[in-house]
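Colleague: The listed protein sequences derive, respectively, from chains C and E. So that you can map any letter, position 193 of the first sequence is 193 in our numbering, and since no number is skipped, the others follow by simple counting. Whatever position you read off the second sequence (first residue = 1), add 339 for our numbering. Just so it is clear, CB atoms sit at the ideal spot from N, CA and C, and this is done for glycine as well. Just so we're clear, the structure is a prediction, and the values are computed from it rather than from any experiment. This is the structure I want to talk about, given as structure tokens.
Protein chains: 2
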Amino acid sequence: MHKAQVTIKDIARELGISPSTVSKALKGHPDISSATKKAVKELVAKWNYKPDPIALSLKGGQSKTIGVIVPEIVHYFFSTVISGIEDLAYDSGYHVMFCQSNESYEREVKAVETLLSSRVDGILVSLCKVTRNFDHFRNITENRIPLVFFDRICDEIETDRVIVDDEAGAFEGVSHLIKSGCREIIHLSGPLNLLIAKNRMDGYVRALKENNIPVREENIVKCDTAEEARSVVPGLFDKTRKPDGIFAVNDLTAAEAMKIVKHKGYKVPDNVSIVGFTSGMISDLTDPSLTSVEQHGYIVGKEAVRLLINRIEGKEDLPCQTTIIKTELVVKGSTRKIG
Amino acid sequence: MHKAQVTIKDIARELGISPSTVSKALKGHPDISSATKKAVKELVAKWNYKPDPIALSLKGGQSKTIGVIVPEIVHYFFSTVISGIEDLAYDSGYHVMFCQSNESYEREVKAVETLLSSRVDGILVSLCKVTRNFDHFRNITENRIPLVFFDRICDEIETDRVIVDDEAGAFEGVSHLIKSGCREIIHLSGPLNLLIAKNRMDGYVRALKENNIPVREENIVKCDTAEEARSVVPGLFDKTRKPDGIFAVNDLTAAEAMKIVKHKGYKVPDNVSIVGFTSGMISDLTDPSLTSVEQHGYIVGKEAVRLLINRIEGKEDLPCQTTIIKTELVVKGSTRKIG
DNA sequence: TTGAAAGCGCTAACAT
DNA sequence: ATGTTAGCGCTTTCAA
Chain C
1 MHKAQVTIKD IARELGISPS TVSKALKGHP DISSATKKAV KELVAKWNYK
51 PDPIALSLKG GQSKTIGVIV PEIVHYFFST VISGIEDLAY DSGYHVMFCQ
101 SNESYEREVK AVETLLSSRV DGILVSLCKV TRNFDHFRNI TENRIPLVFF
151 DRICDEIETD RVIVDDEAGA FEGVSHLIKS GCREIIHLSG PLNLLIAKNR
201 MDGYVRALKE NNIPVREENI VKCDTAEEAR SVVPGLFDKT RKPDGIFAVN
251 DLTAAEAMKI VKHKGYKVPD NVSIVGFTSG MISDLTDPSL TSVEQHGYIV
301 GKEAVRLLIN RIEGKEDLPC QTTIIKTELV VKGSTRKIG
Chain E
340 MHKAQVTIKD IARELGISPS TVSKALKGHP DISSATKKAV KELVAKWNYK
390 PDPIALSLKG GQSKTIGVIV PEIVHYFFST VISGIEDLAY DSGYHVMFCQ
440 SNESYEREVK AVETLLSSRV DGILVSLCKV TRNFDHFRNI TENRIPLVFF
490 DRICDEIETD RVIVDDEAGA FEGVSHLIKS GCREIIHLSG PLNLLIAKNR
540 MDGYVRALKE NNIPVREENI VKCDTAEEAR SVVPGLFDKT RKPDGIFAVN
590 DLTAAEAMKI VKHKGYKVPD NVSIVGFTSG MISDLTDPSL TSVEQHGYIV
640 GKEAVRLLIN RIEGKEDLPC QTTIIKTELV VKGSTRKIG
């Protein structure tokens, strides 16, 4: 009763020809008579035959699947990256398997195992915050599986990479704060083992220096979640030097900081201006809306897939390359008008 | 040079035995001597042999893959559902393929095609807003592929379903508004072709009725995006009867409505109280934080997978079942204290 | 206790 | 122009 999928054999039997003839007809092989081709194509359409990708994979030695490891899908940036990955991968004939590391080293290691044993043709990774040992990724390259890091990259392994121009983005964001009159700017920073966090901090520092504003250690505070903001931000306003600007490593932290600042009685942006990083949905939800550095996640995702597929399908070994995606400051209501 | 994956043949050759013996040894077949088993297992461990899932799939006629179609991954609710799906599917030995419909009918149809031609063993779907023709899903069931709808379900096709108790959730949310003193409550509603939208509206209506508050047509407004809120909400306060409560079909709309209400000069929750639906990240970002109906997306995802795998692996045809996941009102700052 | 052979769906080299 | 055969990695009768 179970009407299984139509196979090439079914077509062949019905037409009284051999399976290989059907196969050739389907790919327009020059040997096959046009009459046969026509007959095959008609029946294929009628019976809605679709080649079995599993059989193709077994034959071709390729799973036509790309593995992706991201920290957390709930974050706007990663969900846009995933959209980019999905779109280009599907258009290129690849499937995608996602794994979330949930910012846990163990889960990241397990995800790599899962993907390897699934025989994916290549892997895209954005590191989780706490990863400091990269042997599981070396395992990938040793198996000759192409690997591309994006956004949160690993600089201890030689691979293709896609990064956002974090330093320049941070520089632009902080410069904007300075131009709008801020002089005492706090940086709510991420963990510095992550390059993205370090680069954003570097951009912050450069913007201050180029404007002859002293860089003071106590103005750089590790704080990259809403929870941390709740414990860290209130204290920043208890000192004698009152901050008049905040540059946060991500929008979520910026949004929470804004709430706290307002509750302290300061006006945003008049007393305190705030700039975030990502410019996602969150930036429209805060009140006022949040000036933020757009990261173009969708493009990051597409570019990462492009590099990966190049590598998968590339005949020879090209040197590894790093693509840098330009950021863009999106000015909204949490910073004062300039000029 | 390309050191391919280790196969069962490699193991057999090395040990001077046949592939079939290796295969049996690996599954602890009683025929095989324990000496052979031991030797096989040692070499397998040493060479890190992993069975090729593609070959297994071809043999077993199952891809061990579940297909998932969601409207948009960026939304908190769906991203939590996906986490639930991922976790249980992987634990059960299944892979997951995601497709986003992006609220487009055409993309939804295409996603079904993609998944079918990938030979997934079963499909999970949450409908896109605009879908009114369900032939592409009938196509799935006609191919005898198990299908489970979750959240945004289709009641024209007989399948297993997982839904959230939207009516009860809405009832509880609106009842809470009433208990806190609201009498003129606006419902910002979704498109009524979606059952979830209709059920939430029904809950709203029942809450009013049970409290002897007149249900007035003009207080039910189609509005389920931030953009729509911007065009619709301001007008609600220009009438003679001023609203003192808002129940929104989702958090995003609720958040935007809150911004607008505050800009109009009303205090939240004192003049106007607001209740959303989903209780995700957004509910902590608004100021005040948003009282909202928690949907337990992670559990929805797990339950959907459980039903699907049951169906995939089930010997016989059980009757279709619908699981209802209880909602939970999470009271935060956008509603007044009761009592 | 082990091995040989067939087959899952498809393709490609090699007949015919 | 079409068919036969072998093989991708694995399992599973059946035979030895």
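What do you get for HIS263 of chain C, buried or exposed, if any count of 16 or more other CB atoms within 10 angstroms of its CB means buried?
Modeller: Burial call: exposed.
Colleague: Quick one: give me the first and last residue of the beta strand (DSSP E) that ARG500 of chain E is part of.
Modeller: Counting along the chain, the beta strand (DSSP E) containing ARG500 of chain E begins and ends at 499–503.
Colleague: Between PRO392 of chain E and TYR49 of chain C, what straight-line distance do the alpha-carbon atoms span, to the nearest angstrom?
Modeller: For PRO392 of chain E and TYR49 of chain C, the distance between alpha carbons rounds to 24 Å.
Colleague: Under 8 Å between the Cβ atoms of LEU395 of chain E and GLU353 of chain E?
Modeller: The answer is no: Cβ separation not under 8 Å.
Colleague: Is SER418 of chain E buried or exposed, if buried means 16 or more other CB atoms sit within 10 Å of its CB?
Modeller: Burial call: buried.
Colleague: For the segment 113–147 of chain C, enumerate the residues whose C-beta is nearer than 7 Å to any C-beta of chain E, in chain order.
Modeller: Residues THR114, SER117, SER118, ARG119, ARG144.
Colleague: Can you check whether the CB of SER180 of chain C is closer than 8 Å to the CB of THR335 of chain C?
Modeller: For THR335 of chain C and SER180 of chain C, yes; Cβs fall inside 8 Å.
Colleague: Of all the residues that make up the segment 624–658 of chain E, which are near chain C by a beta-carbon distance shorter than 8 Å?
Modeller: Residues passing the 8 Å Cβ filter: LEU624, THR625, ASP626.
Colleague: Counting Cβ pairs, one atom from each stretch, are 3 or more of them under 8 Å apart for the segment 585–601 of chain E and the segment 610–621 of chain E?
Modeller: Yes: the two stretches touch, three or more of their Cβ pairs being nearer than 8 Å.
Colleague: Kindly list, in the order they appear in chain C, the residues whose Cβ is closer than 9 Å to that of LEU397 of chain E.
Modeller: Going along chain C in sequence order, the residues near LEU397 of chain E (Cβ under 9 Å) are ASP52, ILE54, ALA55, SER57, LEU58.
Colleague: Pick out whichever of E:LYS548, E:LYS671, E:ASP499, E:ASN610 has its Cα sitting closest to the Cα of ALA643 of chain E.
Modeller: It is E:ASP499.
Colleague: Is THR630 of chain E near VAL670 of chain E, with beta carbons less than 8 Å apart?
Modeller: Against a cut-off of 8 Å, the Cβ pair of VAL670 of chain E and THR630 of chain E comes out as a contact.
Colleague: What are the uninterrupted segments assigned as alpha helix (DSSP H) that are 4 or more residues long and contained completely in the segment 124–164 of chain C, given in chain order?
Modeller: You should have 135–142.
Colleague: Strictly below 8 Å CB to CB, what residues from chain E border ILE100 of chain C?
Modeller: First, the amino acid is wrong: residue 100 of chain C is Gln here, not Ile. The contacting residues are SER422, GLU425.
Colleague: At what residues does the alpha helix (DSSP H) containing VAL70 of chain C begin and finish?
Modeller: Here VAL70 of chain C belongs to no alpha helix (DSSP H); instead the beta strand (DSSP E) covers 65–70.
Colleague: Along the chain, where does the beta strand (DSSP E) containing GLU294 of chain C start, and where does it finish?
Modeller: Segment 291–294, the beta strand (DSSP E) holding GLU294 of chain C.
Colleague: Please list, in chain order, all residues of the same chain as ASP155 of chain C whose beta carbon is under 8 Å from its beta carbon, the five residues on each side excluded.
Modeller: Cβ within range, chain order: LEU195.
Colleague: Is it the case that the segment 474–491 of chain E contacts the segment 452–461 of chain E, given that we only count it when at least three CB pairs across the two stretches are under 8 Å?
Modeller: Yes: the two stretches touch, three or more of their Cβ pairs being nearer than 8 Å.
Colleague: Could you tell me whether the segment 362–382 of chain E touches the segment 29–41 of chain C, using the rule of 3 or more Cβ pairs below 8 Å?
Modeller: The segment 362–382 of chain E vs the segment 29–41 of chain C: no contact.
Colleague: Around the Cβ of GLY67 of chain C, are there at least 16 other Cβ atoms within 10 angstroms (buried) or fewer (exposed)?
Modeller: Looking at its Cβ environment, which holds 16 or more other Cβ atoms inside 10 Å, GLY67 of chain C is buried.
Colleague: Please report whether the beta-carbon of SER79 of chain C lies at a distance below 8 Å from any beta-carbon of chain E.
Modeller: Yes - at least one Cβ of chain E is within 8 Å of the one on SER79 of chain C.
Colleague: Take GLY672 of chain E and list the residues in its own chain whose beta-carbon comes closer than 6 Å to its own, dropping the five residues that flank it on each side.
Modeller: Answer for GLY672 of chain E: PRO627, SER628, listed in chain order.
Colleague: Roughly how many whole angstroms lie between the Cα atoms of MET1 of chain C and LEU466 of chain E?
Modeller: For MET1 of chain C, the predicted structure reports a pLDDT of 30, less than 50, and the residue's modelled location is therefore unreliable. A value from the coordinates is still provided. In a straight line, the C-alpha of MET1 of chain C is about 30 Å away from that of LEU466 of chain E.
Colleague: Spell out whether any CB of chain C is found under 8 Å from the CB atom of VAL413 of chain E.
Modeller: For VAL413 of chain E, the answer is yes, since a Cβ of chain C falls inside 8 Å of its Cβ.
Colleague: DSSP has ILE248 of chain C in a bridge; who is on the other side?
Modeller: The sequence shown places Ala at residue 248 of chain C, rather than the Ile named in the question. Beta-bridge pairing links ALA248 of chain C to C:LEU188.
Colleague: Run down chain C in chain order and give the residues with a C-beta less than 7 Å from the C-beta of ALA565 of chain E.
Modeller: Within chain C, the residues near ALA565 of chain E are ASP284.
Colleague: Using 8 Å as the cut-off, can you tell me whether the segment 502–514 of chain E makes contact with the segment 634–654 of chain E, which would need three or more C-beta pairs spanning the two stretches below that distance?
Modeller: At 8 Å Cβ cutoff, the stretches touch.
Colleague: Excluding five sequence neighbours on each side, which residues of the same chain lie with their C-beta closer than 8 Å to the C-beta of LEU547 of chain E?
Modeller: Result list for LEU547 of chain E: VAL513, ILE517, ILE524, PRO553, VAL554, in chain order.
Colleague: Give the residues from the segment 249–276 of chain C that approach chain E closer than 7 Å (Cβ to any Cβ), ordered along the chain.
Modeller: From the segment 249–276 of chain C, only ALA255, LYS259, LYS262 have a Cβ closer than 7 Å to chain E.
Colleague: Where VAL70 of chain C and ARG152 of chain C are concerned, what is the direct C-alpha to C-alpha distance, given to the nearest angstrom?
Modeller: Straight-line Cα distance between these residues: approximately 9 Å.
Colleague: Can you check whether the C-beta of TYR94 of chain C is within less than 8 Å of a C-beta belonging to chain E?
Modeller: Not one chain E Cβ lies under 8 Å of TYR94 of chain C.
Colleague: Pick helix, strand or coil for HIS2 of chain C, following the three-state DSSP scheme.
Modeller: Because HIS2 of chain C carries a pLDDT of 41, less than 50, the predicted location of this residue cannot be relied on, and no value is offered for it.
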